[in-house]
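Visitor: Start counting the sequence shown at 1; every next residue gets the next number (the UniProt record's numbering). Virtual Cβ for every residue (Gly too), placed ideally from N, Cα, C. Take this structure first; my questions come after.
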Amino acid sequence: MPPVKCFSFAAAIISSAVSFASGAVLDLPIIVNNGYDMVELDVGTPPQTYRLMFDTGSASTWIVDKECAESCPNVSDFDRNPGYDVATSSTANLTGQAASIDYLGGRVAGVTAIDKFRFGNLSWSQPFIAANESNWSAQPNHGFLGLAFGSIADGGATPVFEVLMANGVLDRPRFGLYYDQDDSDRPEGGHSKGRLTLGGSREDDFVEGAMTTIQLTQPSGAYDVWRSVLHTVNGTCTTANGTKVEAQTDLFGSSVVFDTGASHISLPPDSIEAVYASVGMNWTAIIKGDHIPLCTEFNDSWSITFELGFYGDTKTITLTGDQLALPGFAHREDACWPPFDDAGGPGFTLIGKRLLRRFYTIWDYGSFPVEGQYHQSTLSFGKLKSKK
């Protein structure tokens, strides 16, 4: 592998503002509101609490500024006021940079600021985008916490996790993620049982048995998002007479991205019909409105298995139909959302929360950033312990 280039930011400048001991592990409680999963961090002096959606599909953290909190589109019923105001924080500085970030579902733009971030009694100096433009109207939060790799950071806004790693304050170069299996909103968006753990992982608390680990790919010689290779999708279903039928769909080494900011499992359009057929469903009938999948169809009589990772070292991850049940399709509580949708282009698969929430996941950088050092980043999946 080529030398790591994506960590070559000015860590020495940032490190002067770090005020906590080495070996930290940060357990951030997850807030569930309107189906979105978020964490809270304090920013500025005096500190103001901001709610951020953690997103492994983007790198830079952004927070709506004062003007955007008041005037940017917002249909979420979440009050974004007060937005971030660089003029009211004694620890704030503007870097002179700016960014415009286009996502699959929205866009933000703004200037880059550096200010003090806090969680509990820990604090550090962090670059982020103070967004004066945002069309993320439905999200009940102030912005995003980017958890992809710094090679795709915008406006010089190095990811929070990489800033913490560069300063040597974390216990391990990884973060762990557990979604509350209830997944329902809490009163006034309160904390769920979910946890985002920075600098460590909690597999002993949440995982039953061994974890499955896949290696990540490096497009253009550097990690960008949490990306690997998808080889096959195997569907298994049980017929009316009790016969088990298996069918395999070849994805021919499709690029697959694991994205906490995405809701669904999206497959290449030239493969999606075959994958649906392998579990006894008809994609064409669903999209034409000829069939509305009922939640009773989502049961353990069928399953889907993804073959992932490098050639010669592939691993499999399996979900049963009941694990993919998501009520509310066609505005009906007895109907469930189709398990897969169209990724919009060939050779690309997007795996979002629909799958990720059914596992405990460890997002591991492989090593702390040292200029010129090789490292191997991985993503691990653990079967969740049964509820007691």
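Taking Cβ to Cβ, would you say Ile-30 is nearer than 8 angstroms to Leu-196?
Guide: Working through the sequence shown from its first residue, we reach residue 30 at position 30. Working through the sequence shown from its first residue, we reach residue 196 at position 196. Yes, the pair counts as a contact, with Cβ atoms nearer than the cut-off.
Visitor: Quick one: Cα of Tyr-103 to Cα of Ser-58, how far?
Guide: On the sequence shown, residue 103 is found 103 positions in, with the first residue counted as 1. On the sequence shown, residue 58 is found 58 positions in, with the first residue counted as 1. Those two C-alpha atoms are separated by around 8 angstroms.
Visitor: If we call anything under 8 angstroms between Cβ atoms a contact, is Phe-128 one with Ala-113?
Guide: The residue labelled residue 128 in the question sits at position 128 within the sequence shown. The residue labelled residue 113 in the question sits at position 113 within the sequence shown. Contact flag set, yes.
Visitor: Is the stretch 209-223 close to the stretch 287-305, with three or more CB pairs under 8 angstroms?
Guide: Segments in contact, no.
Visitor: Specify, as a first and last residue, the run of the alpha helix (DSSP H) that Lys-387 falls within.
Guide: Locating residue 387 in the sequence shown gives position 387, where the first residue counts as 1. No alpha helix (DSSP H) holds Lys-387; DSSP gives it neither H nor E.
Visitor: Closest by CA to Gln-384, which one among Gly-344, Ile-351, Ile-317?
Guide: Residue mapping note: residue 384 aligns to position 384 of the sequence shown, counting from 1. The amino acid occupying residue 384 in the given sequence is Leu; Gln does not appear at that position. Leu-384 has its Cα closest to that of Ile-317, out of Gly-344, Ile-351, Ile-317.
Visitor: Any Cβ of chain D within less than 8 angstroms of the Cβ of Asn-299?
Guide: Protein chain content of the structure displayed is limited to a single chain, and chain D is not contained in it.
Visitor: Relative to the C-alpha of Cys-68, which candidate in Gln-181, Leu-294, Asp-27, Trp-136 has its C-alpha closest?
Guide: For the purposes of this step, residue 68 is identified with residue 68 of the sequence shown, where counting begins at 1. Nearest option by C-alpha distance: Trp-136.
Visitor: How far does the beta strand (DSSP E) with Phe-252 in it extend, from its first residue to its last?
Guide: In the sequence shown, counting from the first residue as 1, residue 252 sits at position 252. Here the beta strand (DSSP E) through Phe-252 covers 244-258.
Visitor: What is the residue span of the beta strand (DSSP E) that Glu-40 lies within?
Guide: In the sequence shown, counting from the first residue as 1, residue 40 sits at position 40. Taken as a continuous stretch (DSSP letters only), the beta strand (DSSP E) holding Glu-40 covers 36-43.
Visitor: Going by DSSP, what residue range makes up the alpha helix (DSSP H) through Cys-68?
Guide: Translated into the one-based positions of the sequence shown, residue 68 becomes position 68. Per DSSP, Cys-68 belongs to the alpha helix (DSSP H) from 66-71.
Visitor: Is it true that the stretch 359-373 meets the stretch 288-302, where meeting means three or more beta-carbon pairs spaced less than 8 angstroms apart?
Guide: Segments in contact, no.
Visitor: Just to confirm my understanding: we take Glu-208, look at its own chain, exclude 5 residues before and 5 after, and list those with CB closer than 8 angstroms. What are they?
Guide: On the sequence shown, residue 208 is found 208 positions in, with the first residue counted as 1. Excluding sequence neighbours, Glu-208 sits near Gly-382, Lys-383, Leu-384, Lys-385, Ser-386.
Visitor: Do three or more CB pairs link the stretch 248-260 to the stretch 325-340 at distances below 8 angstroms?
Guide: At 8 angstroms Cβ cutoff, the stretches do not touch.
Visitor: Nearest to Thr-236 by CA position, among Val-279, Glu-273, Trp-226, is which residue?
Guide: Position 236 of the sequence shown, counted from the start, is the residue given in the question as residue 236. Measuring from the Cα of Thr-236, the nearest candidate turns out to be Val-279.
Visitor: Using C-beta distances below 7 angstroms, list every residue in its chain close to Val-370, excluding the 5 sequence neighbours before and after it, in chain order.
Guide: As a first step, residue 370 is located in the sequence shown; it is residue number 370 there, counting from the start. So the list is empty, once near-sequence residues are dropped.
Visitor: CB-CB under 7 angstroms to Gly-35, same chain, minus the five flanking residues each way: which ones, in chain order?
Guide: Reading the sequence shown from its first residue, position 35 is the one you call residue 35. So no residue of the chain qualifies.
Visitor: Would you report the Cα separation of Asn-81 and Val-32, rounded to the nearest angstrom?
Guide: Here residue 81 refers to the residue found at position 81 when the sequence shown is read from its first residue. Here residue 32 refers to the residue found at position 32 when the sequence shown is read from its first residue. For Asn-81 and Val-32, the distance between alpha carbons rounds to 19 angstroms.
Visitor: Taking the alpha carbon of Gln-97 as the point to measure from, which residue in Leu-324, Ser-380, Ala-153 has its own alpha carbon closest?
Guide: Locating residue 97 in the sequence shown gives position 97, where the first residue counts as 1. Checked all of Leu-324, Ser-380, Ala-153; the closest Cα to Gln-97 is Ala-153.
Visitor: Would you identify the three-state DSSP class for Ser-151, choosing helix, strand or coil?
Guide: Here the question's residue 151 lines up with position 151 in the sequence shown. Helix, per DSSP.
Visitor: So who's on the other strand from Leu-267, going by DSSP bridges?
Guide: As a working note, residue 267 is residue 267 in the sequence shown. Answer by DSSP bridge pairing, in chain order: Asp-342.
Visitor: Per DSSP, Ser-100 forms a beta bridge with which residues?
Guide: As a first step, residue 100 must be located in the sequence shown, where it is residue number 100. Paired residue(s): Ala-109.
Visitor: Where Arg-354 and Gly-200 are concerned, what is the direct C-alpha to C-alpha distance, given to the nearest angstrom?
Guide: Position 354 of the sequence shown holds residue 354. Position 200 of the sequence shown holds residue 200. Using only the alpha carbons, I get a separation of about 24 angstroms.
Visitor: Would you identify the three-state DSSP class for Pro-2, choosing helix, strand or coil?
Guide: Position 2 of the sequence shown holds residue 2. Per-residue confidence for Pro-2 stands at a pLDDT of 27, beneath the threshold of 50, marking its modelled position as unreliable; the derived number appears in the next sentence. DSSP places Pro-2 in coil when its eight states are reduced to three.
Visitor: Check whether the Cβ atoms of Gly-261 and Asp-55 lie closer than 8 angstroms to each other.
Guide: Along the sequence shown, one-based indexing puts residue 261 at 261. Along the sequence shown, one-based indexing puts residue 55 at 55. Yes, the Cβ-Cβ distance between Gly-261 and Asp-55 is below 8 angstroms.
Visitor: At what residue ranges does the stretch 272-349 contain a whole run of the alpha helix (DSSP H), taking only runs of 4 or more?
Guide: Runs found: 272-278, 283-287.
Visitor: How would you call Asp-259, buried or exposed, if buried means at least 16 neighbouring beta carbons within 10 angstroms?
Guide: Mapped onto the sequence shown, residue 259 falls at position 259. Under this definition Asp-259 is a buried residue.
Visitor: Among the candidates Ser-76, Met-165, Ser-125, whose CA atom is the shortest distance from the CA of Ala-24?
Guide: Sequence index remark: in the sequence shown, residue 24 carries index 24 (1-based). Residue Met-165 is the option with its Cα nearest to Ala-24.
Visitor: Under three-state DSSP, which class holds residue 392?
Guide: No answer is possible for residue 392: it lies beyond the span of the chain, which begins at 1 and ends at 388.
Visitor: Below 8 angstroms on the Cβ atoms is my contact criterion, and I expect Thr-91 with Gly-143 to pass it. Report the Cβ-Cβ distance as a whole number of Å.
Guide: Position 91 of the sequence shown, counted from the first residue, corresponds to residue 91. Position 143 of the sequence shown, counted from the first residue, corresponds to residue 143. With 8 angstroms as the limit, Thr-91 and Gly-143 do not qualify as a contact, their Cβ atoms being about 18 angstroms apart.
Visitor: Skipping 5 residues on each side, what residues in its chain have a beta carbon closer than 7 angstroms to that of Ala-131?
Guide: Translated into the one-based positions of the sequence shown, residue 131 becomes position 131. Here the set comprises Trp-62, Ile-63, Val-64, Asp-65, Cys-68, Val-108, Ala-109, Gly-110, Gly-143.
Visitor: Three-state secondary structure (DSSP) at Arg-202?
Guide: Position 202 of the sequence shown, counted from the first residue, corresponds to residue 202. Three-state DSSP puts Arg-202 in coil, outside helix and strand.
Visitor: Would you grab the beta carbon distance between His-375 and Thr-314 for me? Rounded to a whole angstrom, and I think it's under 8 angstroms.
Guide: If you number the sequence shown from 1, residue 375 lands on position 375. If you number the sequence shown from 1, residue 314 lands on position 314. Actually they are not in contact, since the Cβ atoms of His-375 and Thr-314 sit about 21 angstroms apart, beyond 8 angstroms.
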